[in-house]
Amino acid sequence: MTTATTVQPAPAASPISFRQKPSRAKLIERIFFWIFRCGTYFIVLCSSFIFLTIAYKGGQTVFQTSFPFLNMEFLTESPQTLHVFEYEGQKYEMSDQDFRAFREERGVDISTTTYAHSGGGIWPCIVGTVMLVIGSMAIALTLGVLSAIFLSEYSRPGRVLNAVRLSILNLAGVPSIVFGIFGVGMFVLAFGWGTSLMAGWFTLAFMVLPIVISASEESLRAIPQGLREASLALGASKWTAIRTNVLPYAMPGILTSSIIGVARVAGETAPIMFTAAFAIRDQLPWEGLDRWYDFFFEGVMALPYHIYVVSAKIPQNEYTERMQYGTAFVFLFIVASIALASILLRIRMRSKYRW
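Read in numbering that gives the first Met the number 0, the sequence shown has 170 at position 171, and its numbers run on one by one without any break.
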């Protein structure tokens, strides 16, 4: 007769704690981790301080407490000389145009203290900046996307293709002043376009072209090969397959490069200073033209160049500071608006084309 025995389960093993032993390498790694982390926080803090300062001081110039709550003179008039004077015990601050009307109305000769570029507004600068950004990005996206299509879809791998791609990457790191000198030599002097919108468009477009080509090519190469093969199997030509099955799905990535390009094109001073911008110009590009196509060969004012002139080329005082921060505030708002439009378009296309 056998007796049944009950086997007791073995006690569960206690979890083993794997603790890293302190070492010199781990200590150095942790020190550098905190250095980089603190450096990142410091950069974010400095950037936030700069943007908040521009928003606070620039907002005081752009906005006002009474209706329509916007300083319409600042946003709709041309830059003018500011006249500061006292008349009958009251202090006045008037732009040049208003001061002349004030003096003629009263028929008296008034002594004033004048401040260059500190009166009026920045309307021609706003128009010139928007036109430069839109025109140069249209040229850069057209040439960049076509170049990316050729490099990713039609070119043959080899040393020549590698050399071309390396040259594009090197051009992306060239300083903007070099592109400005290139624009002067080719478009302003050799082509005879002078200081004009056309010269500024092509100079800025060539400056941002390497970024657009690189980002567009990567977006095109990220599309699965099966989409191309399926279109070709149905009898479509290669260009039809690219146009209908590849390019629409790559557009979100291409628009990402356009966002980066807008920020760089709008903020460059040296290229437009040499090729497109004037320090002061009362007329808009389409005013006073003999022929319609003269519009493309007219110079403009631009916000970054205006900020440079007001900040570095004239004596500094409280009135020029007001103009500086107001111009910087409007400039950041315009760049953010154009970039936001590109982001919304990218989100819409990304939701429409999924693979």
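The beta-carbon is built from N, C-alpha and C at its ideal position, and this holds for glycine as well. Predicted, not measured: the structure shown is a model, and the values here were computed from it.
Check, Outcome
"Reduced DSSP category for residue 335 - H, G, I as helix; E, B as strand; rest coil", "helix"
"Per-residue burial, residue 71 [other beta carbons within 10 Å of its own, 16 or more giving buried]", "exposed"
"Whole-number beta carbon distance between residue 209 and residue 170, since they are thought to touch under 8 Å", "4 Å"
"Beta-ladder partner(s) of residue 85, from DSSP", "90"
"Residue 162, buried or exposed, once every other Cβ within 10 Å from all chains shown has been counted against 16", "exposed"
"Residue 165 (DSSP reduced to helix, strand or coil)", "helix"
"Candidates 294, 95, 276: closest to residue 306 by CA position", "276"
"Cutoff 6 Å; reference residue 231; Cβ partners in own chain excluding five residues on either side", "240"
"Paired residues, beta bridge with residue 69 - DSSP", "62"
"Cβ contact (3+ pairs, closer than 8 Å) linking the region 210 to 229 and the region 136 to 146", "yes"
"C-beta neighbour in chain D for residue 235, strict 8 Å", "In the structure shown, chain D cannot be found, because there is only a single protein chain."
"Completely contained beta strand (DSSP E) runs for the region 159 to 240, where each covers 3 or more residues", "none"
"Rounded distance between the beta-carbons of residue 327 and residue 308, thought under 8 Å", "Not quite, the Cβ-Cβ distance comes to about 13 Å (not below 8 Å), so this is no contact."
"Contacts around residue 217, its chain only, beta-carbon distance under 6 Å, and the 5 residues preceding and following it disregarded", "none"
"Pairwise C-alpha distance: residue 261 and residue 35", "29 Å"
"Nearest-angstrom Cα separation, counted from residue 348 out to residue 341", "11 Å"
"Closest by C-alpha distance to residue 284, when choosing among 29, 301, 181", "301"
"Three-way DSSP call (helix, strand, coil) for residue 38 in this model", "helix"
"Inter-residue Cα distance where the pair is residue 68 and residue 223", "52 Å"
"Bounding residues of the beta strand (DSSP E) (the contiguous stretch that carries residue 115)", "112 to 119"
"Member of 41, 146, 103, 48 whose CA lies at the smallest distance from the CA of residue 246", "146"
"Counted within 10 angstroms of its Cβ, other Cβ atoms place residue 42 as buried (16 or more) or exposed", "exposed"
"Limits of the unbroken alpha helix (DSSP H) element including residue 136", "122 to 148"
"Status (buried if at least 16 other CB within 10 Å, exposed otherwise) for residue 77", "buried"
"contact_flag[the region 314 to 328, the region 54 to 62] where n(CB pairs < 8 Å) is 3 or more", "yes"
"Chain-order list of residues whose beta-carbon lies under 6 Å from that of residue 119 (same chain, five-residue window excluded)", "76, 77, 78, 79, 94"
"Closest by C-alpha distance to residue 282, when choosing among 298, 273, 256", "298"
"As assigned by DSSP and simplified to three states, the class of residue 0", "Reliability of the predicted coordinates at residue 0 is poor, the pLDDT of 47 falling under 50, and no value is obtained from them."
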